[in-house]
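Going by the working numbering, the residue at position 23 of the sequence shown is 28; the numbering climbs one at a time, nothing skipped. Just so it is clear, CB atoms sit at the ideal spot from N, CA and C, and this is done for glycine as well. The structure appears below as structure tokens.
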Amino acid sequence: MREIGQIAFNLILWAVLAIMIMLSMPLLASI
Numbered sequence: 006m007r008e009i010g011q012i013a014f015n016l017i018l019w020a021v022l023a024i025m026i027m028l029s030m031p032l033l034a035s036i
């Protein structure tokens, strides 16, 4: 069970990183 939690945590972390990059791209492009 602990491994599943670790994998889920990693997936959430990467998802948040991807969302932040997607959101920051238009801001960087508009500068």
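Taking C-alpha positions only, Trp-19 is separated from Gln-11 by approximately 12 Å. Rounded to the nearest angstrom, the gap between the Cα atoms of Met-25 and Ile-9 is 24 Å.
In the DSSP annotation of this structure, the continuous segment of the alpha helix (DSSP H) that includes Ile-9 starts and ends at 7-35.
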